[in-house]
Amino acid sequence: MRTYLFTALLAAASTVPAMASDDFDRCVAGLRDHARDQGISESVTSRVLAGIEPLERVIELDRSQPEFTRSFRDYLEKRVTEQRIEKGRTLYREHSQLLERITRETGVPGRYLIAFWGLETNFGSYTGKMPIPRALATLACDQRRSDYFTGELVSALRLIERGDVEADAMEGSWAGAMGQMQFMPSVYLKHAVDADGSGRVDLWNSIPDALTSAGHLLKSLGWNEAERWGREVQLPEGFDYSLAAGLKRKRPLSEWRELGIRNAWGGELPQADMEAALLLPSGHEGPAFLVYDNFRVIMGWNQSEFYALAVGHLADRIVGGGPFQTRPPDHEPLSRNTIEALQAALKEAGHDPGPVDGILGSGTRSALRDFQKEAGLRADGFPDPDSLSALGID
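Numbering (mature numbering (1 follows the signal peptide of the UniProt record, and there is no 0)), first residue to last: -20 to -1, 1 to 374.
Structure representation (structure tokens):
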């Protein structure tokens, strides 16, 4: 395997080029035409998009999202901190009446709303300073996800047009997420709620609007009020790690019990009529989790398994739960170029990981798991040195 060639070619492909001014201007002109075709007034498109310039920093951040470039331990310990847990517990008590009302309306327990709030903006302390129209125009003119961000730009213009927020005040994350719960513009349009009766939806300054809107979004994504997100578990000696096949391979809890899986303290799994998938975010050396349908709902908010595990864990800690019984190992995170080389090597070996994008997502883990099983390695879907070596990656 010519790993050096793989890595060199993919590193060159991953370089973020500067966007030429003329190309960007032509793209923005096309975006203005598209927005008008979608019913946005000429006055709004001219006022917001005239003379807009690209933000190269936005493209750089799009290529280095922490959910996909850090180890699980590093990701978790930077997000579920003791300070955030204590602050979450304080806010959970402080807003108990509001949270109880939202739970009655949506079925979503308040601890999850507080957890999302903490992870998204550190409980509203930082909602982002990127100018949203400019960031979205930059991403819409980048070919990687142009269609998606074009739609989000139109939604942002619609919010401005209907008076929810002034263009100059529309600030948020590099990807266009806004307010205390970091809603994308299309989600803001569809799910945001005027919970405080002010006459307009304000996800920046109104805690009732922000938390209630989050509850309604999770309800729309299919939240099951009878279940939790999942749980940490213990695996028996000699366990077949290939059974940890990601969210697409669910089994009834009764089958996981028969396979010898127990809860994190060694006790029996609950006698519940429900299905779960088994996740090993750090491979066989780290904690194992059985996750339920609400885990998929959390991933409807953010497609990262690391993020969803952090939300569930923070929610548990807020209501008195303890740390994981198995601490994630201190793995050195793989570089994006190495993950791209891994994906290319898996393709060459006949195991399709999906796009060669440098993201260690479920598709790549599934393809790696199949390769590991075929090669007689521990099939946990984790890119350990033995697996990388077997694929010819240094």
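Beta carbons are placed, not taken as given, at the ideal position from N, Cα and C, and that holds for glycine.
A contact is defined here as three or more CB-CB pairs under 8 Å, and the stretch 249 to 268 meets this definition with respect to the stretch 211 to 219. A straight-line Cα-Cα distance of about 11 Å links Asp2 and Pro34. With a cutoff of 9 Å on beta-carbon distance, Arg231 and Pro267 are scored as not near each other.
Contiguous beta strand (DSSP E) elements confined to the stretch 223 to 303 occur at 255 to 259 and 268 to 271, taking only those with 3 or more residues. Following the DSSP letters along the chain, one finds Arg358 in no alpha helix (DSSP H), marked with neither H nor E. Contact check between the stretch 273 to 293 and the stretch 72 to 86: fewer than three CB pairs, one atom from each, fall below 8 Å, which does not count as touching. DSSP places Glu328 within a helical segment (H, G or I) once states are collapsed to three.
Counting C-beta atoms within 10 angstroms of its own C-beta, Ser178 has fewer than 16 neighbours from the protein chains shown and is therefore classed as exposed.
Secondary structure in the stretch 98 to 151: the alpha helix (DSSP H) runs of 4 residues or longer, each lying completely within the stretch, are 112 to 120 and 126 to 142 in chain order.
Listed as beta-bridge partners of Phe4 by DSSP are no residues whatsoever. Counting of Cβ neighbours within 10 angstroms places Asn185 among the exposed residues, the total staying below 16.
With contacts defined as CB atoms closer than 9 Å, Leu322 and Ile373 qualify as a contacting pair. Relative to Glu80, the option among Ala244, Leu198, Leu191 and Arg242 whose CA is nearest is Leu191.
In the structure shown, Glu36 falls within a helical segment according to DSSP collapsed to helix, strand and coil. Annotation: the continuous alpha helix (DSSP H) that includes Arg64 extends over Glu62 to Glu74. Nearest to Pro113 by C-alpha distance, out of Gly98, Glu354, Ala149 and Ala347, is Ala149.
Judged by pairs of C-beta atoms under 8 Å, the stretch 134 to 154 touches the stretch 20 to 35, as three or more such pairs exist. When DSSP states are grouped into helix, strand and coil, Gln162 belongs to the coil group. Distance from the CA atom of Gly143 to the CA atom of Val181, rounded to whole angstroms, is 10 Å.
Residue pairing from DSSP places Val213 in a beta bridge opposite Asn243 and Ala268.
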